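Visitor: Provided herewith is a single structure, encoded as structure tokens, for subsequent inquiry.
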DNA sequence: CAGGTCACGTTGTCCTGACAATTGACACGG
DNA sequence: CCGTGTCAATTGTCAGGACAACGTGACCTG
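Residue numbers (this note's numbering), protein chains in the order written: chain S, 0 to 253; chain R, 0 to 253.
Here it is, written out as structure tokens:
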């Protein structure tokens, strides 16, 4: 009699290029992820045991495990001891972490427009200083932007960055997102602390966003840190609740 | 001349119990995490190289790496090739994922009160069926609750669960959070999909929450899945914006 | 003194091998 | 018919070693 079925992938073509500088486990992870996305691996299907998979690919088991683990961390796979590893029954799959509004909109196929209202340098002041962990009289770059889609205002973004970190040109800010500019300057974001709330629009805000006075606004404050733990950016943003909602996926932190 | 300083922890007492059923890497990870929390390992300090650490503890390098990696995933440590592993310059440290409002409040030291407004069974209907991935005429348990703190309304929670999953007793719902009851029933949450928005309060909602009509409300919809990918719960909640904000931390998903 | 070069230390990747723990399926006995 | 024990399959954990890639700092050179 045959061994237990080694999974539903069957003739899924997998293979690694040992001459590539890309790590083997990463190559495998990418191929598996692609197979899941394209439907080559259907939700609920077993992945075939690690030993056999390693043998078939000419890899060692730890390498295969590392690839699988990275997908488990992404929430694409679930491991079950004694059973096997299976593709999670995805309903929706949206990671959405540490991206800016611009990235989100661009990914959705919309081409957002930006109007820079202000691009200055000024002393931080108590609130910004506390958020960025700097002195109150330290200088920060202040950027105020209005984000529009389909010609309609969508959000009003206010950002504070430690001065000297990066030169922000107004023209660049109208062309791409703030986070893109940061990455381009060699700053890699590592983590961020966010707070999302709501409040009624003031008269000035209502005018600016073409919303009714007293209408509901979604507020978001975020402080972003790079991998040294240094605060890189503090933003205080308001969104028209009628045109925007935050969507994200949570994974258990066990 | 001496070797490069093996890190700032120096006389930090670490050790594992090989007779414990707790995995070695987990023991080490816990001790390191505790040392970071209590200040035994100060932010920015090096952790000492993995080889030496492994030798000192009588462990192999992969085991030590696994422990360190788990803390890197949590955002507590940062690895730098050629440099070493250092404690992240923590500003704030808040995981906050996949918890219920009750959990959050309880963790904050408040003792929330719950008033169960409804606890019924009914057909799902199109909206709930789509969220849970079941048939429209399938029966679901419907729970409506009012959450109060300090005697004041805070949120109105509406939850839908597939019928037969769990017996929800009104008395239990007033005593603990829904997610606690799920865990107690052996259901382990794996992931959730959330959407956070805002809107103005209707007259009925304003009365119920003791808020001004038309006042800003924070809305949250969440579908939670267990580790088989089965939808376990769909919730549609409203919070008084004046009394609640969502706070959470993001880590880069590289 | 400035700039490039090289040695060194550290983490990244990968291999082989072994045993433990957990789950599900099946045969067996009550 | 049902409970129970046994067994096989699979992932979980751990060891020990080897080489590669990368960043730093010291050294050498111009």
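Ideal placement from N, C-alpha and C gives every residue a C-beta, glycine not left out. Keep in mind that this is a model prediction, so the values were computed, not measured.
Can you give me the C-alpha to C-alpha distance between residue 19 of chain R and residue 27 of chain R, rounded to a whole angstrom?
Guide: Counted from its first residue, the second chain places residue 19 of chain R at position 20. Counted from its first residue, the second chain places residue 27 of chain R at position 28. Cα-Cα distance, rounded: 12 angstroms.
Visitor: Indicate whether at least one CB of chain R lies closer than 8 angstroms to the CB of residue 195 of chain S.
Guide: For the purposes of this step, residue 195 of chain S is identified with residue 196 of the first chain, where counting begins at 1. Closer than 8 angstroms: yes.
Visitor: For residue 59 of chain R, write down the residues that DSSP places opposite it in a beta bridge.
Guide: Along the second chain, one-based indexing puts residue 59 of chain R at 60. Bridge partners of residue 59 of chain R: none, in fact.
Visitor: Between which two residues does the beta strand (DSSP E) carrying residue 234 of chain S extend?
Guide: In the first chain, residue 234 of chain S corresponds to position 235, counting from 1. From DSSP, the beta strand (DSSP E) with residue 234 of chain S extends over 230 to 239.
Visitor: Quick check on the DSSP output: the beta strand (DSSP E) that includes residue 138 of chain R runs from which residue to which?
Guide: Counting from 1 along the second chain, the entry for residue 138 of chain R is found at position 139. Its beta strand (DSSP E) spans residues 138 to 148.
Visitor: Starting from the C-beta of residue 251 of chain S, find all residues in its chain whose C-beta is less than 7 angstroms away, skip the five residues before and the five after it, and write them out in chain order.
Guide: By one-based count along the first chain, residue 251 of chain S stands at place 252. Answer for residue 251 of chain S: no residue qualifies.
Visitor: Taking the beta strand (DSSP E) that residue 79 of chain R falls in, what are its first and last residues?
Guide: The residue labelled residue 79 of chain R in the question sits at position 80 within the second chain. 76 to 79 is the extent of the beta strand (DSSP E) around residue 79 of chain R.
Visitor: What residue does the beta strand (DSSP E) around residue 194 of chain S start on, and which one ends it?
Guide: Looking up residue 194 of chain S in the first chain gives position 195. Per DSSP, residue 194 of chain S belongs to the beta strand (DSSP E) from 188 to 199.
Visitor: Can you list, in chain order, the residues of its chain whose CB lies under 8 angstroms from that of residue 202 of chain S, leaving out five sequence neighbours each side?
Guide: Indexing the first chain from 1 puts residue 202 of chain S at position 203. Excluding residues within five positions, the ones whose Cβ falls inside 8 angstroms are 212.
Visitor: Based on Cα-Cα distance, which residue from S:165, S:149, S:46 and S:214 lies nearest to residue 80 of chain S?
Guide: On the first chain, position 81 is the one that residue 80 of chain S refers to. Ranking S:165, S:149, S:46 and S:214 by Cα distance to residue 80 of chain S puts S:46 first.
Visitor: If we count Cβ pairs, one from each stretch, closer than 8 angstroms, do we get three or more for the region 158 to 178 of chain S versus the region 220 to 232 of chain S?
Guide: Enough Cβ pairs lie closer than 8 angstroms, so yes.
Visitor: Which word fits residue 215 of chain R, buried or exposed, when buried means at least 16 other C-beta atoms lie within 10 angstroms of its C-beta?
Guide: As a working note, residue 215 of chain R is residue 216 in the second chain. Classification of residue 215 of chain R: buried, given that the 10 Å Cβ count is 16 or more.
Visitor: Just by C-beta distance, which residues in the region 120 to 146 of chain S are closer than 8 angstroms to chain R?
Guide: Those residues of the region 120 to 146 of chain S that come within reach of chain R (Cβ to Cβ, closer than 8 angstroms) are 132.
Visitor: Report the three-state DSSP secondary structure of residue 135 of chain R (helix, strand or coil).
Guide: What you label residue 135 of chain R is simply residue 136 of the second chain in a count that begins at 1. In the structure shown, residue 135 of chain R sits in coil (DSSP, three-state: anything other than H, G, I, E or B).
Visitor: Hey, residue 49 of chain R and residue 71 of chain R are a contact pair by Cβ (cut 8 angstroms); roughly how many whole angstroms apart?
Guide: The residue given as residue 49 of chain R occupies position 50 in the second chain. The residue given as residue 71 of chain R occupies position 72 in the second chain. Actually they do not touch by this definition, with Cβ atoms about 12 angstroms apart.
Visitor: Can the beta-carbon of residue 239 of chain R be found closer than 8 angstroms to that of residue 153 of chain R?
Guide: Mapped onto the second chain, residue 239 of chain R falls at position 240. Mapped onto the second chain, residue 153 of chain R falls at position 154. A contact, by the Cβ cut-off of 8 angstroms.
Visitor: Run through chain R and tell me which residues come within less than 9 angstroms of residue 245 of chain S, C-beta to C-beta.
Guide: To locate residue 245 of chain S, count along the first chain from 1; it is residue 246. Per Cβ cutoff of 9 angstroms: 193, 194, 195, 196 and 245.
Visitor: Verify whether the separation of the beta carbon atoms of residue 162 of chain S and residue 138 of chain S is less than 8 angstroms.
Guide: Walking along the first chain from the start, residue 162 of chain S turns up at place 163. Walking along the first chain from the start, residue 138 of chain S turns up at place 139. Contact flag set, yes.
Visitor: Can you look up residue 50 of chain S in the DSSP assignment and give me helix, strand or coil?
Guide: For the purposes of this step, residue 50 of chain S is identified with residue 51 of the first chain, where counting begins at 1. Three-state result, residue 50 of chain S: helix.
Visitor: Can you list the residues of chain R that residue 189 of chain S reaches, using a CB-CB cut of under 8 angstroms?
Guide: The residue labelled residue 189 of chain S in the question sits at position 190 within the first chain. In chain order: 74, 77, 87, 250 and 251.
Visitor: Any beta-carbon of chain S closer than 8 angstroms to the one on residue 226 of chain R?
Guide: For the purposes of this step, residue 226 of chain R is taken as the residue at position 227 of the second chain. Answer yes: the Cβ-Cβ gap between residue 226 of chain R and chain S drops below 8 angstroms somewhere.
Visitor: What number of angstroms, rounded off, separates the C-alpha of residue 94 of chain S from the C-alpha of residue 247 of chain S?
Guide: As a working mapping, residue 94 of chain S is identified with position 95 in the first chain. As a working mapping, residue 247 of chain S is identified with position 248 in the first chain. Confidence in residue 94 of chain S is poor, its pLDDT being 47 and thus under 50, which makes the residue's placement unreliable; the coordinate value appears in the next sentence. Their backbone Cα atoms lie some 7 angstroms apart in a straight line.
Visitor: As a quick exercise: from R:199, R:164 and R:191, pick the residue whose alpha carbon is nearest that of residue 185 of chain R.
Guide: Position 186 of the second chain holds residue 185 of chain R. That would be R:164, whose Cα lies nearest to the Cα of residue 185 of chain R.
Visitor: Just to check my reading of the structure: residue 191 of chain S and residue 249 of chain R have Cβ atoms closer than 8 angstroms, yes? What is that Cβ distance to the nearest angstrom?
Guide: Along the first chain, read from residue 1 onward, the residue named residue 191 of chain S stands at position 192. Along the second chain, read from residue 1 onward, the residue named residue 249 of chain R stands at position 250. Indeed they touch by this definition, with Cβ atoms about 5 angstroms apart.
Visitor: Just verifying my parser: in three-state terms, what is the DSSP assignment at residue 71 of chain R?
Guide: Within the second chain, numbered from 1, the residue matching residue 71 of chain R stands at position 72. Three-state DSSP puts residue 71 of chain R in a helix.
Visitor: Short of 6 angstroms in beta carbon distance, which residues of its chain neighbour residue 114 of chain R, apart from the five on each side in sequence? Order them along the chain.
Guide: Position 115 of the second chain, counted from the first residue, corresponds to residue 114 of chain R. Answer for residue 114 of chain R: 145, listed in chain order.
Visitor: Below 8 angstroms between beta carbons: does that hold for residue 31 of chain R and residue 58 of chain R?
Guide: Reading the second chain from its first residue, position 32 is the one you call residue 31 of chain R. Reading the second chain from its first residue, position 59 is the one you call residue 58 of chain R. Contact: no.
Visitor: Answer yes or no: do residue 15 of chain R and residue 75 of chain R have a C-beta to C-beta separation smaller than 8 angstroms?
Guide: Counting from one through the second chain, the residue named residue 15 of chain R turns up at place 16. Counting from one through the second chain, the residue named residue 75 of chain R turns up at place 76. No, these two residues do not count as a Cβ contact at 8 angstroms.
Visitor: Could you pull out every residue in the same chain whose Cβ sits closer than 8 angstroms to the Cβ of residue 236 of chain R, ignoring the five residues on either side in sequence?
Guide: Start at 1 with the first residue of the second chain, and residue 236 of chain R comes out as number 237. So the qualifying residues of the chain are 100, 154, 155, 156, 157, 218, 219, 220 and 221.
Visitor: Just list the residues that DSSP pairs residue 153 of chain R with in beta bridges.
Guide: Along the second chain, one-based indexing puts residue 153 of chain R at 154. Beta-bridge pairing links residue 153 of chain R to no other residue.
Visitor: Expressed to the nearest angstrom, what Euclidean distance is found between the alpha-carbon atoms of residue 187 of chain R and residue 227 of chain R?
Guide: Residue 187 of chain R sits at position 188 when you count from the first residue of the second chain. Residue 227 of chain R sits at position 228 when you count from the first residue of the second chain. Cα-Cα distance, rounded: 10 angstroms.
Visitor: Excluding sequence positions up to five away, which residues of its chain have a Cβ less than 7 angstroms from the Cβ of residue 198 of chain S?
Guide: Locating residue 198 of chain S in the first chain gives position 199, where the first residue counts as 1. Cβ within range, chain order: 216 and 218.
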